[in-house]
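Residue numbers (my numbering), protein chains in the order written: chain F, 7 to 233; chain X, 2 to 97.
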């Protein structure tokens with residue numbers, strides 16, 4: 007998509023993204039200083055974005071598309087830390103693969119690494135308030151992160167390229183391209199992240215407890231399912 | 002079957018069904034993102050990209066897939082290393 011987004015929009019999205027990344031870096035530093043145990047989990051979340059955003063799966067529309075993988079870290083660490091992890095991956099793809107693009111980096115960072123995770127994180131907190139199980143909550147969160155990311159991409163393109171002056175009809179056209187591809191991917195991503203979250207509870211519950219994501223009672227319940 | 006195993010099996014079946022379904026219906030599946038299609042839609046409006054990357058770009062489709070594979074391998078390697086480490090730690094803790 008290099009060069010497709012008009013320069014004013016490139017700058018606009020980049021400027022909005024910067025504060026999120028700075029807060030993310032600061033939060034990361036604080037979390038690690040407080041308890042180094044969270045570092046491996048953070049690495050796993052980052053690695054997840056790497057794996058999932060490299061998996062291109064063919065879609066009914068006759069092209070390939072990939073999941074975003076940001077759901078896991080949104081649920082565990084919130085949107086700010088996720089914005090840092092997502093930016094690393096987007097930089098890698100932009101530089102080595104010419105995929106996504108450097109001029110569009112700001113827009114991509116905002117949709118994939120900031121806005122998607124931000125909405126997903128809010129959904130995650132809501133689901134947990136409703137006492138929904140961790141696996142299911144993380145799964146839904148991951149799906150939401152994916153769908154919101156692509157809806158926002160469609161909106162970003164629509165804002166830059168209104169059809170006959172109408173942003174709405176442009177949005178519908180762009181969203182149509184993404185929607186068919188992304189819904190199955192969002193489900194796949196949700197299933198994977200949900201299963202991984204439960205695995206983490208089984209082998210390393212103390213990190214999640216430190217992060218305030220889960221209580222003893224639920225840990226015992228999830229560990230009991232494997233016995 | 003243990004509930005945890007059952008969950009994993011169901012999860013894998015769902016993923017497999019979706020991937021196989023996608024492959025079966027896909028027909029021509031180019032190695033491009035859905036954003037490439039969106040670029041096509043923009044081209045139709047007569048807009049020309051204002052910037053063409055002069056930096057490095059993958060010389061061929063195979064090299065591109067290679068880098069994608071490396072990216073996935075790197076991520077999978079790190080997560081599995083840590084997962085294995087945790088599983089081992091847990092097993093050792095249980096023995097004590």
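For every residue, glycine included, the Cβ atom is placed at its ideal position computed from N, Cα and C.
Check, Outcome
"Taking CB distances under 7 Å as the criterion, tell me whether residue 3 of chain X reaches chain F.", "yes"
"Taking DSSP as the reference, what is the three-state secondary structure of residue 59 of chain F?", "helix"
"Please state whether DSSP places residue 32 of chain X in a helix, a strand or coil.", "Because the pLDDT of residue 32 of chain X is 47, which lies under 50, any placement of that residue in the model is unreliable, and the number read from its coordinates should be weighed accordingly. Here residue 32 of chain X sits in coil by DSSP."
"In chain order, what residues of the segment 60 to 73 of chain X put their CB closer than 8 Å to some CB of chain F?", "65, 68, 69, 70, 72 and 73"
"Residue 157 of chain F bridges to which residues according to DSSP?", "Paired residues: none, contrary to the question."
"Going by DSSP, which residues form a beta bridge with residue 169 of chain F?", "F:172"
"Should residue 67 of chain F be labelled buried (16 or more other beta-carbon atoms within 10 Å of its own) or exposed?", "For residue 67 of chain F, the pLDDT reaches just 46, beneath the cut-off of 50, and the residue's location in the model is therefore unreliable, although a value from the coordinates is still provided. When all chains shown are included, residue 67 of chain F counts as buried."
"Checking contacts by CB at 7 Å: is residue 15 of chain X closer than that to chain F?", "yes"
"Give me, in chain order, the residues of the same chain whose beta-carbon lies closer than 6 Å to that of residue 78 of chain F; leave out the 5 immediate sequence neighbours on both sides.", "51, 54 and 199"
"Between which two residues does the alpha helix (DSSP H) harbouring residue 138 of chain F extend?", "No alpha helix (DSSP H) holds residue 138 of chain F; DSSP gives it neither H nor E."
"What is the residue span of the alpha helix (DSSP H) that residue 88 of chain F lies within?", "85 to 102"
"Flag this pair as yes or no: are the beta carbons of residue 90 of chain F and residue 27 of chain F separated by less than 7 Å?", "yes"
"Anything in the segment 33 to 50 of chain F with a Cβ closer than 9 Å to a Cβ of chain C? List those residues in chain order, please.", "Looking at the structure shown, chain C is missing, and the protein chains on hand are F and X."
"If residue 111 of chain F sits next to residue 96 of chain F, beta carbons under 8 Å apart, how far is it from one beta carbon to the other, in whole angstroms?", "6 Å"
"For chain X, check one thing: does any of its Cβ atoms lie closer than 7 Å to the Cβ of residue 144 of chain F?", "no"
"Looking at the structure shown, is residue 3 of chain X part of a helix, part of a strand, or coil, going by DSSP?", "coil"
"Return helix, strand or coil for residue 76 of chain F, following the three-state DSSP convention.", "coil"
"Taking only the alpha-carbon atoms, compute the straight-line gap between residue 84 of chain X and residue 31 of chain F and give it to the nearest angstrom.", "24 Å"
"Determine whether the beta carbon atoms of residue 87 of chain F and residue 33 of chain F lie at a separation below 7 Å.", "yes"
"Find the residues of chain F that neighbour residue 94 of chain X, judging by a C-beta separation of less than 9 Å, and give them in chain order.", "Ordered by position in chain F, no residue passes the 9 Å Cβ test against residue 94 of chain X, which lies about 10 Å from the chain."
"Grouping DSSP H, G and I as helix and E and B as strand, with all else coil, what is residue 241 of chain F?", "Given a span of 7 to 233 for chain F in the structure shown, any question on residue 241 of chain F remains unanswerable."
"Cutting at 8 Å between CB atoms, please list the residues of its own chain near residue 232 of chain F, excluding the five before and the five after it.", "208"
"Is the Cβ of residue 89 of chain X closer than 7 Å to any Cβ of chain F?", "no"
"Give the straight-line distance between the Cα atoms of residue 131 of chain F and residue 83 of chain F, rounded to the nearest whole angstrom.", "12 Å"
"Evaluate residue 100 of chain F with the Cβ neighbour count: other Cβ atoms within 10 Å of its Cβ, from every protein chain shown; 16 or more gives buried, anything less gives exposed.", "buried"
"Tell me the rounded alpha-carbon separation between residue 203 of chain F and residue 169 of chain F.", "42 Å"
"For the alpha helix (DSSP H) containing residue 221 of chain F, name the first residue and the last one.", "Run containing residue 221 of chain F: none; DSSP gives neither H nor E here."
"Looking at C-alpha atoms only, which residue of F:10, F:171, F:142 and F:192 is the closest neighbour of residue 75 of chain F?", "F:192"
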